[in-house]
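All remarks here apply to the structure that follows.
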Amino acid sequence: MKHLLSMKQLTNDKIHHLFKIAKDLENGDLSWQAEGKFAANLFLEPSTRTKSSFHIAERKLGLDVLHLDGMDSSLTKGESLHDTLKTLEAIGADVAVVRQSEVGILDSCAENLNLSLINAGDGCGEHPTQSLLDLYTIQEQFEEFEGLHVAIAGDLKHSRVARSNAHALQQLGARVSFVTKPEWKDSTFSHRYITMDEAVEQCDVLMLLRIQHERHEQKTSASSYLKDHGLTKERESRMKDDAIILHPAPVNRGVEIDAELVESEKSRIFRQMTNGVTIRMAIIQALLKGEL
Ligand code: CP
């Protein structure tokens, strides 16, 4: 496998292989270095975590890094994404990391590319590297996925994180439930819907999603969302003792989650970001070595 575009490409064996590489990296094994190789990062939608953690992951592996901003590139002159990627390949890039808004376009670009293409989030489509770091964080806590109950809560309809995670968690043997407002249900999901009050009492992992105001026509009221659907301190007090809280971030403090719970004992939100560097190193290493 040359590209990572969707969690649907990864068998459980491949996911666990990536976790093994990540664990070795975490334990200081930097014996594989990609000196002389180039990564090109092309972010056409905003990003803090994915963009900066890919940069750090690439530098730790010894790659030279080229950052392309959409506004500075010839995409603004009408060049297609496919031709931009072919150009990056022609000038010597070995890996291209792309965030952009059009679902499915990376699949057609990838057909004709020799460099390794990594999907860093495609609109409401998928976010496979986020999913892998989420799964790695869950495995750190529980070791196994079989029998775990994971509740994914929030703006499902617009969430590439939910799409990637729902598929992968189910494939790994976890039970996945959804919590959302009726207007954010997504008919492409066939999972069980529960209330936030049921979720906090039943789940082992509560995965909160950001309300994606930028993809909505009508603004959601922050205070009523927290009270009706979010993780308040009262709801958190009813969670199982060893349950954990995940959120891909950026977090709307006081909307999906009470501001004080972001850094609470159950929260793994900043741990997810730390794991994001290690997992992205593992993905780049595995793709460049032809191990996926
Ligand atoms: N979780 C995530 O993708 O964050 P960024 O949008 O900041 O990259």
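According to the UniProt record's numbering, the sequence shown holds residues 1 to 292 in order.
C-beta atoms are modelled at their ideal positions from N, C-alpha and C, and glycine is treated no differently.
On a predicted model such as this, the values are computed, not experimentally measured, just so you know.
Beta carbon of residue i nearer than 8 angstroms to that of residue j
i	j	result
Val97	Ala120	yes
Ala90	Thr278	no
Ala256	Gly230	The residue you asked about is not Ala; residue 256 is Glu in the sequence shown. Yes; because the gap between Cβ atoms is below 8 angstroms, this pair is in contact.
Ile244	Glu58	no
Check: residue i C-beta below 7 angstroms from any heavy atom of the ligand CP
i	result
Thr137	no
Ser47	yes
Gly28	no
Gly147	no
Ala249	yes
Thr278	no
Gln212	no
Gly70	no
Gly121	yes
Gln130	yes
Lys51	yes
His55	no
His67	no
His127	yes
Whole-angstrom C-beta distance between residue j and residue i, which should lie under 8 angstroms
i	j	result
Glu126	Ser164	5 angstroms
Met196	Val176	That pair is no contact at about 15 angstroms.
Leu246	Ile211	The Cβ separation is near 16 angstroms, so there is no contact.
Arg99	Leu44	6 angstroms
Pro250	Val161	The Cβ separation is near 12 angstroms, so there is no contact.
Ala286	Leu18	6 angstroms
residue 293	Trp184	For the chain, the structure presents residues 1 to 292; residue 293 sits outside this window and is missing.
Cβ-heavy atom distance, residue i to the ligand FMN, below 7 angstroms
i	result
Leu10	With respect to the ligand FMN, the structure offers nothing, as its ligand set consists of the ligand CP.
> Which runs of the alpha helix (DSSP H) fall wholly inside the region 159-225 and span at least 4 residues, in chain order?
Replying inline: 160-171, 196-202
>> Which complete alpha helix (DSSP H) runs does the region 51-114 hold, if anything under 4 residues is left out?
In response: Qualifying alpha helix (DSSP H) stretches, in chain order: 81-90, 105-110.
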